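Peer 1: Provided herewith is a single structure, encoded as structure tokens, for subsequent inquiry.
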Amino acid sequence: DRLTGAELVFFDGTLWNDDEMKENQVGVKTGDRMGHMSNSGPDGTISCFEPLGVKRKIFIHINNTNPILLEDSPQRKEAESTGWEVSYDGMEITL
Numbered sequence: 019d020r021l022t023g024a025e026l027v028f029f030d031g032t033l034w035n036d037d038e039m040k041e042n043q044v045g046v047k048t049g050d051r052m053g054h055m056s057n058s059g060p061d062g063t064i065s066c067f068e069p070l071g072v073k074r075k076i077f078i079h080i081n082n083t084n085p086i087l088l089e090d091s092p093q094r095k096e097a098e099s100t101g102w103e104v105s106y107d108g109m110e111i112t113l
């Protein structure tokens, strides 16, 4: 409720799905076990933020295994189609 109607939210975008590290053979822990909320899925960030009416949403702290880093990936398109932006090196925000 504290985020409802916020002008801008920066949110941890570490993983697209919970088993991403294991699937890419770069780790053995799930995102949940490491304290990260996945971007996708019914309990993921995208779904959870949908009813909050946040005006601008930006994923930050994105793991190199997360496909939203690829501009032409279906996952990136899905995130952007729901109003999320993906941060990048040198990104500047004017408040």
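Quick note: the sequence shown uses our numbering, first residue 19, plus one each step.
Where is the CB? At the ideal position from N, CA and C, for every residue including glycine.
Nothing here was measured: the structure is a model prediction, and the numbers come from that model.
1. What would DSSP say about residue 25, mapped onto helix, strand or coil?
2. What residue range does the beta strand (DSSP E) around residue 73 cover?
3. Tell whether a beta-carbon distance below 8 Å holds between residue 25 and residue 74.
4. In terms of residue numbering, what span does the beta strand (DSSP E) encompassing residue 98 cover?
5. How should residue 104 be labelled, buried or exposed, when 16 other C-beta atoms within 10 angstroms of its C-beta is the threshold for buried?
6. Output the distance between the C-alpha atoms of residue 34 and residue 112, rounded to the nearest integer angstrom.
7. Between the C-alpha atoms of residue 39 and residue 57, what's the straight-line distance to the nearest angstrom?
Peer 2: Based on what the coordinates show:
1. In this structure, residue 25 counts as coil in the three-state DSSP scheme.
2. For residue 73, there is no enclosing beta strand (DSSP E), as DSSP marks it with neither H nor E.
3. Yes, the Cβ-Cβ distance between residue 25 and residue 74 is below 8 Å.
4. Counting along the chain, no beta strand (DSSP E) covers residue 98; the unbroken alpha helix (DSSP H) around it starts and ends at 92-99.
5. Classification of residue 104: buried, given that the 10 Å Cβ count is 16 or more.
6. One C-alpha to the other measures close to 27 Å.
7. Those two C-alpha atoms are separated by around 14 Å.
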